[in-house]
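Going down the list, the protein sequences come from chains A, B, C, D, E and F.
To convert, note that position 13 of the first sequence is 6 in our numbering; the numbers rise steadily by one, no gaps.
To convert, note that position 82 of the second sequence is 75 in our numbering; the numbers rise steadily by one, no gaps.
To convert, note that position 252 of the third sequence is 245 in our numbering; the numbers rise steadily by one, no gaps.
To convert, note that position 38 of the fourth sequence is 31 in our numbering; the numbers rise steadily by one, no gaps.
To convert, note that position 238 of the fifth sequence is 231 in our numbering; the numbers rise steadily by one, no gaps.
To convert, note that position 45 of the sixth sequence is 38 in our numbering; the numbers rise steadily by one, no gaps.
6 protein chains.
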Amino acid sequence: MKLGFVSAILPDLSLREVVEFASEAGYSCVELMCWPKGKAERRYAGVTHIDVTNFGRRDAAVVRKLLASAGVSISALGYYPNFLTPDRDEAKRVLAHFKKVIRAAALLEVGRVTTFLGRDWTKSVEENWPRFLKVWTPLVAFAAQREVRIGIENCPMLFTGDEWPGGKNLAHSPRIWRRMFEDIPSEYFGLNYDPSHLVWQHIDYIKPLWEFRDRIHHAHAKDVRVDRERLDDVGILGTPLQYHSPKLPGLGEVNWGRFLSVLGDIGYSGPVCVEVEDRAYEGSLAMRKAALRQSARFLMQYIP
Amino acid sequence: MKLGFVSAILPDLSLREVVEFASEAGYSCVELMCWPKGKAERRYAGVTHIDVTNFGRRDAAVVRKLLASAGVSISALGYYPNFLTPDRDEAKRVLAHFKKVIRAAALLEVGRVTTFLGRDWTKSVEENWPRFLKVWTPLVAFAAQREVRIGIENCPMLFTGDEWPGGKNLAHSPRIWRRMFEDIPSEYFGLNYDPSHLVWQHIDYIKPLWEFRDRIHHAHAKDVRVDRERLDDVGILGTPLQYHSPKLPGLGEVNWGRFLSVLGDIGYSGPVCVEVEDRAYEGSLAMRKAALRQSARFLMQYIP
Amino acid sequence: MKLGFVSAILPDLSLREVVEFASEAGYSCVELMCWPKGKAERRYAGVTHIDVTNFGRRDAAVVRKLLASAGVSISALGYYPNFLTPDRDEAKRVLAHFKKVIRAAALLEVGRVTTFLGRDWTKSVEENWPRFLKVWTPLVAFAAQREVRIGIENCPMLFTGDEWPGGKNLAHSPRIWRRMFEDIPSEYFGLNYDPSHLVWQHIDYIKPLWEFRDRIHHAHAKDVRVDRERLDDVGILGTPLQYHSPKLPGLGEVNWGRFLSVLGDIGYSGPVCVEVEDRAYEGSLAMRKAALRQSARFLMQYIP
Amino acid sequence: MKLGFVSAILPDLSLREVVEFASEAGYSCVELMCWPKGKAERRYAGVTHIDVTNFGRRDAAVVRKLLASAGVSISALGYYPNFLTPDRDEAKRVLAHFKKVIRAAALLEVGRVTTFLGRDWTKSVEENWPRFLKVWTPLVAFAAQREVRIGIENCPMLFTGDEWPGGKNLAHSPRIWRRMFEDIPSEYFGLNYDPSHLVWQHIDYIKPLWEFRDRIHHAHAKDVRVDRERLDDVGILGTPLQYHSPKLPGLGEVNWGRFLSVLGDIGYSGPVCVEVEDRAYEGSLAMRKAALRQSARFLMQYIP
Amino acid sequence: MKLGFVSAILPDLSLREVVEFASEAGYSCVELMCWPKGKAERRYAGVTHIDVTNFGRRDAAVVRKLLASAGVSISALGYYPNFLTPDRDEAKRVLAHFKKVIRAAALLEVGRVTTFLGRDWTKSVEENWPRFLKVWTPLVAFAAQREVRIGIENCPMLFTGDEWPGGKNLAHSPRIWRRMFEDIPSEYFGLNYDPSHLVWQHIDYIKPLWEFRDRIHHAHAKDVRVDRERLDDVGILGTPLQYHSPKLPGLGEVNWGRFLSVLGDIGYSGPVCVEVEDRAYEGSLAMRKAALRQSARFLMQYIP
Amino acid sequence: MKLGFVSAILPDLSLREVVEFASEAGYSCVELMCWPKGKAERRYAGVTHIDVTNFGRRDAAVVRKLLASAGVSISALGYYPNFLTPDRDEAKRVLAHFKKVIRAAALLEVGRVTTFLGRDWTKSVEENWPRFLKVWTPLVAFAAQREVRIGIENCPMLFTGDEWPGGKNLAHSPRIWRRMFEDIPSEYFGLNYDPSHLVWQHIDYIKPLWEFRDRIHHAHAKDVRVDRERLDDVGILGTPLQYHSPKLPGLGEVNWGRFLSVLGDIGYSGPVCVEVEDRAYEGSLAMRKAALRQSARFLMQYIP
């Protein structure tokens, strides 16, 4: 396994600075954010460390040289919009942009992109399914042609009343993953596995590793703390941030020793990227960098 | 405490038969269903053991004599419609009928009715709140005038996709109860406390007994089993019946010894009514009666 | 479900006395032991409540009348020898006798017999398998022809050094059951499910109920207590009675509420027979009867 | 084992009434209180069901006849004063009275008395020990001569600030029992084992059964509930009633199935007497009787 | 948060050496002991890294320069005597000395001192309270005037028979803290929060962080191991060191990931000082230094 | 304690390379494998970092100089054959070789060798015992004469069907250790304590540290993960590798903080050697080295 981080937490740094920091802080890879340039639509979104808009061979060569010189690799190109948003114009735009991300990944010989499935959050999984198939069947084929694997993060994208009730990403449970892969069986279609989202959904985050061992294309290292006292007040029908908090690895419920133990035993040798979304560490760039350093110290006990 | 049962499980028996069975099976009280005569709108609804439509003093005398002769009392009159349904005509009808239930409770000197708050299940708690206040403030006053206490059952009324996402009863968590009682502080407004609904919401079902000790006007004895393997497949964002099953007391997760231990210590001496909604016991009238006998054997270990 | 008991614990009573005791103690069925007359070969074996040697229609009629008059039914005819013993003469004798048990079950219209698979305890499962298939394939066919279902008890028959290392019954784990039913798929071949043997094998005794729901032909209600301090001294490589003790239901580790909850939910409505093998209750006939009465009181909380 | 109760909870009943109630409620023995007539010095003390002051052979005959006719036996004569009180006059009085209790037990052929060791609660265990030895060495000899076994209850007699810090009974932990029996090794000196007092002391209440198997002369069936929220507020240095409540069997933390399972396996066949000290059941004589009936229903699942 | 250590474990080093070691071992602050010069009255006491007796501006400048040059800060000045000792002369002396510590903290612009409340250990909390108020009300005012915050460590100071029964520091439980802050509400009066003392008191060490978030002026990182086997022998009424052992962080029961996770979420950004009181690491200065290095390695996983 | 590793995992490195790697990777000692040169008989066996065949004073001087220059010490010489194999010729050979290992340990002034007891795996412990005594009584005397302590690893050497049923090493449980040390009480005879083998045997791996504190001559740091789902399928009568996997420290069930906490408190200050047998890290020499580096990072949190 290779320890990396998600570049979204360092929006104020240039690509060069991100890569240099990675190298210095002991990270061997980075998941680089590729949002279209412009205003972020939500927290942790809208970061552009590689601008894929007119990304060509020469740009690729520059980026690859930069990374090689720092001894850091790209784990994946990341872009996490809502492909199934009710706003059909937006849906078209994000689809087009995502294809550019895929093309850039191919040019960079990264071979891996990360994203969400999206969801019309006002509708049930069932109601979203036909549109999901319509959008994603050709999209997976597009990526497969370019030999780029897609890792869908298993985050429900449901935090507060804004995304209530369904959240903005269908791919949140093992039952749904099974259905995804039955309906679109391409080996290029897989998961960006993040155990933290399973914790607060009260789903065993170890067991699915065995079943989906061939579908884990990327992994995120984020943690969450479920506060029993808060949960006792609102219950699971409350909105998720009422009872849990995203935290750095080691500051939450995930048993990282066990998780990485099984991850290794299923033969996974890909990237494990720290995703910092811990409000206690977001006060300044210095704190966000400290969060990444602390996470590396913690995870390096369990990673070769 | 007095052991009773909810009469909804015996729709095929007359009031006399219900009462005689209660007596013979060792129950000392019954919560009598008072739905309007007609077709049931859902499972366990639509049962009429007392027809409150034109219920007068004479009817009350007949019922009271019947019960006295069997040595069985009425724990409450029960009617559990959706007061906040988007169908405004239906909302009017159920409100009118509920007032009759209250009047009957007063005539019968029972002093207690049981129901739900209702909810427009397509809307958030926040969006439902103004209408809740509008409907319930005068309704509680109406009951208070007649010295009839209302016990709101804490069931989310969310089982399958039909009630998704919000369920048909607002009163499902301690945080919401606190708000209810702050906004409508009448002592006639309280809970029909059923621990089973808290279990699958992952809410401690003991702790709220201390805080809401003065608001527990009635109690249900139902149990649930959460199947970890099923929950691991769909998570808490699945629909609740995908991962839990309502069961008889003793066949689920509730620690009845502890629950009744604390219920006694907060000074509760009212009815504890078995509510049978266990599909394994619904094959025949004989099975449903057997369910009630078994539940009595189980609970009598913990109840004086 | 019907509460019964295994008659082996009452060897000093005649069939009539067994049946009368069952009736009086609140049991609705009995699993009747059908060992050949003669000396018991081990504790709890060698009991003959029905002598199947020359058992004919008339005998069947007598027995059925006796049971009918007491309102007690036969859950199964039981005979638990070692079909795969290295002593080939003994193996022949027990096979012949078991066929008589099957015939008697057919004549009595009981339709159910209970036994073990047997095992050459000095050999591995793998080494025993060919002989198992050779003996059992025709035996299951023999029973199927007579419409008699066979319930194989899942006891490893490994207690002390005498049965070391393999025990005298192959059918001890879910993996082995799966293989049994794949190799001999007849619906007449199933389990006599006893949760207690799974407890000390550290196997979840609930989970297999779902997978093997169609194979549960009979059930035993026995419990065990694992003594952690004793286990800490010898470990699982010690002989099983060094760290666990068979006990009456309620005096061990089995969560009977949960076990019977799921047993009901998978649609099982057959017998649940108390098997008394608790040394603390074996001092006298009076104690053994008391054990059965106590077990009935305990289990009747969870059984209709 | 024989199910009994401690008569202290029925001070308003005569001996005859106590015995008749025992018989009717399904109890087979009673621990009879033998305080000197007069005012109770604390809750549950001062009850006199047998007045031992001038108790002679004829009195014994009357009592024994009364019990025989009801089919109820005496488990022990009980008197629980503070033998080591700083008030030396009181200490003399209670010692003299206790000798009369022992004599009465001999006359009644009960052979068993129950009490405390006592303690000067303002002093440490160490400081109390010399006086303990001085008082108890001859006292045990006195009982041994009359073949009366003494069962010392393992209650710390520390509830509120009044008994702070040491409590009024030295015999509260396994380490102290070991020392007691090393210093006074008579087989007539043993324990009246009550698991509930060990629960709130955070001592395993099962493990000592094995070590002290020959010293268990009597047993009490009382339960306690430790309220985690209350304990979290004051900690174990708070006074015990700040964080626990004595409760009826089944309404507390004791795992009665396991406790009685091991109690049986160590060969104990003596009395198990319900001791009611549950405030939720003390409102009236009817409630106290109901408490005893409920306790019998609960315990009869685990006792032959 | 800033990682530091309590200087008491290095009594053989000069201030300069302490500071240099801190810097080299990766610590960013130190809590400096300020006992009066002379003989230690108990283990870990009597250490003087800053002599506050005649401490003036010039001394302050020297110390500050020394620290600045090493890049290490002072977390607090510490002095932990018994302000409420029955020896009134001693009480006067310690009060006078503590005022000097406060003055020194002001001169050094540290703004923080750490200590105990003290207690007459032979008396109850209640009996100590009037004297506590009399001593501490003006003392807190004295500190407030100088803008120095006081962090009271929550150690019961009860280890062996010597401090029995009450211990030498009142401030040991959340209930007592609440009362302290209600009676002396100054914001300069707060806690030096050490989770380890709550562990063996069986108090949740996370929950109070939320309630007392504004009162946490300093924190200690010490751990304890509770040995269940030892506790089972003596119970909570034994003296605390009979069942627990103070240990380095990571070698005990504290879940440091969770503790520091919540500590961060309540907004705490102050010092977290390792307090070494682990007998396994006290054999030599080298071992005590190794203990501090090991603790830093352990804690740096969870601290930025 | 001194952190080391077992050299068996680096068979492709020369002694010099092993020692240099140890030094560079932060290890302070190494357990050096001393198998006779030749083919390995099983995984992790057959490694020869010191060839003891004709090992003399001069060889010892060379080795010691090599180690001294790297600042690394030898924790023990290791050789783990089966002394009690049914192949008597082999038994003679291994005995003779082991004596050479002991002699080499004496020459090197290491004073410690590590091995197994051996076992005829087809026979019970009881049946092996006489031969164990015959072989080991003189062998221990031989070592004692040379002041070399023997540490017997507590591995059952039972993994798959090949070693079924008994495994190839008798010394697997506390009960057996007790018997070993009673029958051969020499202080030179002790344990090479590895907690991981106790985990899957369901034996507390902390408790024996107290009882056998004087017998722990060496310790291994290996971990195991028990996969509950796999255990649920085969139970403890399955072969051990069906339900558990050896893993690096931190990737399994062992609570290293607690284990090393108690190991320190019993006064152990010897070597703790990482034994890498984790299949996920065996792909290449680079991975095996990475495994050792990771293990050091993990364990250094808990070791001085």
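All C-beta atoms in this analysis are idealised placements derived from N, C-alpha and C, irrespective of residue type, glycine included.
Short check: CB of P239 (chain F) to CB of K215 (chain F), under 8 Å? On the sixth sequence, position 246 is the one that residue 239 (chain F) refers to. On the sixth sequence, position 222 is the one that residue 215 (chain F) refers to. Cβ distance < 8 Å, so P239 (chain F) and K215 (chain F) count as in contact.
Closer than 8 Å between beta carbons: that is the criterion. Which residues of the region 277 to 295 of chain F meet it against chain A? M280, A283, A284, R286, Q287, R290, F291 and Q294
Let me confirm a value: G260 (chain A) is counted as buried when at least 16 other C-beta atoms fall within 10 Å, else exposed. Which label applies? Residue 260 (chain A) sits at position 267 when you count from the first residue of the first sequence. Per the 10 Å Cβ criterion, exposed.
Just to confirm my understanding: we take G245 (chain D), look at its own chain, exclude 5 residues before and 5 after, and list those with CB closer than 6 Å. What are they? Counted from its first residue, the fourth sequence places residue 245 (chain D) at position 252. Correct list, in chain order: D216, V217 and R218.
Is DSSP giving V247 (chain A) helix, strand or coil here? Reading the first sequence from its first residue, position 254 is the one you call residue 247 (chain A). Reduced to three states, the DSSP call for V247 (chain A) is coil.
Where does S288 (chain B) fall in DSSP's three states? Taking the second sequence and counting its residues from 1, one reaches residue 288 (chain B) at position 295. In this structure, S288 (chain B) counts as helix in the three-state DSSP scheme.
Closest Cβ-Cβ distance between W157 (chain A) and chain B: below 8 Å? The sequence position of residue 157 (chain A) within the first sequence is 164, counting from 1. Judged by the 8 Å Cβ criterion, W157 (chain A) is in contact with chain B.
Where G243 (chain D) meets chain B, residues with beta-carbon distance less than 7 Å: Looking up residue 243 (chain D) in the fourth sequence gives position 250. Neighbours of G243 (chain D) on chain B, chain order: G250, Q294 and Y295.
Minimum Cβ-Cβ distance from S238 (chain A) to chain F less than 8 Å: If you number the first sequence from 1, residue 238 (chain A) lands on position 245. By this cut-off, S238 (chain A) is not an interface position.
Selection of the region 147 to 174 of chain C by Cβ proximity to chain F, strictly under 9 Å: P149, L151, G154, W157, P158, G159, G160, H165, S166, P167, R168, I169 and R171
Please list, in chain order, the chain D residues whose beta carbon lies closer than 7 Å to that of S254 (chain B). Translated into positions along the second sequence, residue 254 (chain B) becomes position 261. By Cβ distance, chain D contributes R218, K240, L244 and G245.
Where does N162 (chain E) fall in DSSP's three states? Numbered from its first residue, the fifth sequence carries residue 162 (chain E) at position 169. N162 (chain E): coil per DSSP, three-state reduction.
For chain B, find out if any of its Cβ atoms is closer than 8 Å to the Cβ of Y181 (chain D); answer yes or no. Your numbering for residue 181 (chain D) matches position 188 in the fourth sequence. Taking Cβ atoms only, chain B never reaches closer than 8 Å to Y181 (chain D), which makes this a no.
Kindly list the residues whose CB is nearer than 6 Å to the CB of Y295 (chain C), restricted to its own chain and excluding five residues on each side of it in sequence; keep chain order. Translated into the one-based positions of the third sequence, residue 295 (chain C) becomes position 302. Only W249, G250 and L253 meet the Cβ criterion.
Between which two residues does the beta strand (DSSP E) carrying M(-6) (chain A) extend? Looking up residue -6 (chain A) in the first sequence gives position 1. That residue, M(-6) (chain A), is in no beta strand (DSSP E); it is neither H nor E in DSSP.
Which runs of the beta strand (DSSP E) spanning at least 3 residues fall entirely within the region 96 to 181 of chain D, listed in chain order? 105 to 108 and 142 to 146
Which residues DSSP lists as bridging N185 (chain D), in chain order: Counted from its first residue, the fourth sequence places residue 185 (chain D) at position 192. Answer by DSSP bridge pairing, in chain order: D:E146 and D:H211.
Using the DSSP secondary-structure output, state which residues sit across from M303 (chain C) in a beta bridge. Past the edges of chain C, shown from -6 to 297, lies residue 303 (chain C), and the structure says nothing about it.
Under 8 Å by Cβ, that's how I've got S68 (chain B) and E24 (chain B) pegged, so tell me the actual separation to the nearest angstrom. Along the second sequence, read from residue 1 onward, the residue named residue 68 (chain B) stands at position 75. Along the second sequence, read from residue 1 onward, the residue named residue 24 (chain B) stands at position 31. Yes, they are in contact, since the Cβ atoms of S68 (chain B) and E24 (chain B) sit about 5 Å apart, within 8 Å.
In whole angstroms, what separates the C-alpha of R124 (chain F) from that of G257 (chain F)? Start at 1 with the first residue of the sixth sequence, and residue 124 (chain F) comes out as number 131. Start at 1 with the first residue of the sixth sequence, and residue 257 (chain F) comes out as number 264. If you take the alpha carbons of R124 (chain F) and G257 (chain F), they lie about 36 Å apart.
Mind checking which residues open and close the beta strand (DSSP E) that includes V217 (chain E)? In the fifth sequence, residue 217 (chain E) corresponds to position 224, counting from 1. Unbroken beta strand (DSSP E) run through V217 (chain E): D216 to V219.
L163 (chain A) beta carbon less than 8 Å from that of R112 (chain A): Here residue 112 (chain A) is taken as the residue at index 119 of the first sequence, counted from 1. Here residue 163 (chain A) is taken as the residue at index 170 of the first sequence, counted from 1. Cβ distance < 8 Å, so R112 (chain A) and L163 (chain A) count as in contact.
Counting only C-beta atoms, is D113 (chain A) closer than 8 Å to chain B at any point? If you number the first sequence from 1, residue 113 (chain A) lands on position 120. Answer no: the Cβ-Cβ gap between D113 (chain A) and chain B never drops below 8 Å.
Which residues in the same chain have their Cβ closer than 8 Å to the Cβ of I177 (chain E), if we skip the five residues on either side of it in sequence? Residue mapping note: residue 177 (chain E) aligns to position 184 of the fifth sequence, counting from 1. The residues are L126, W129, T130 and V133.
Along the alpha helix (DSSP H) that carries S238 (chain D), what are the first and last residues, could you check? Within the fourth sequence, numbered from 1, the residue matching residue 238 (chain D) stands at position 245. Careful: S238 (chain D) lies outside any alpha helix (DSSP H), inside the beta strand (DSSP E) at H237 to K240.
Report yes if the CB atom of L191 (chain E) is closer than 8 Å to the CB atom of F205 (chain E), and no otherwise. Walking along the fifth sequence from the start, residue 191 (chain E) turns up at place 198. Walking along the fifth sequence from the start, residue 205 (chain E) turns up at place 212. Result no, Cβ atoms of L191 (chain E) and F205 (chain E) do not sit closer than 8 Å.
So V227 (chain E) contacts chain D; which residues on that side make the cut at Cβ distance below 7 Å? The residue given as residue 227 (chain E) occupies position 234 in the fifth sequence. By Cβ distance, chain D contributes S166 and R168.
What did DSSP end up calling S16 (chain A) once you bin it into helix, strand or coil? Taking the first residue of the first sequence as 1, we reach residue 16 (chain A) at position 23. Helix.
Is L8 (chain B) near L77 (chain B), with beta carbons less than 8 Å apart? Walking along the second sequence from the start, residue 8 (chain B) turns up at place 15. Walking along the second sequence from the start, residue 77 (chain B) turns up at place 84. No, Cβ-Cβ distance for L8 (chain B) and L77 (chain B) is not below 8 Å.
Using a Cβ-Cβ cutoff of less than 6 Å, which residues in the same chain neighbour M311 (chain B) once the five nearest sequence positions on both sides are dropped? Chain B is shown only over -6 to 297; residue 311 (chain B) falls outside these bounds and no answer can be derived.
Comparing alpha-carbon positions, which option in C:M293, C:G263, C:R290 and C:H237 lies nearest D271 (chain C)? Position 278 of the third sequence, counting from 1, holds the residue named residue 271 (chain C). Minimum Cα distance to D271 (chain C) is reached at C:H237.
Alpha carbon to alpha carbon, what distance is there between H211 (chain B) and S262 (chain B)? As a first step, residue 262 (chain B) is located in the second sequence; it is residue number 269 there, counting from the start. As a first step, residue 211 (chain B) is located in the second sequence; it is residue number 218 there, counting from the start. Between S262 (chain B) and H211 (chain B), the C-alpha separation is close to 10 Å.
Would you kindly work out how many angstroms separate the C-alpha atoms of V(-1) (chain C) and M26 (chain C), rounded to a whole number? As a position in the third sequence, residue -1 (chain C) is number 6, starting the count at 1. As a position in the third sequence, residue 26 (chain C) is number 33, starting the count at 1. Near 7 Å, if we compare the C-alpha coordinates of M26 (chain C) and V(-1) (chain C).
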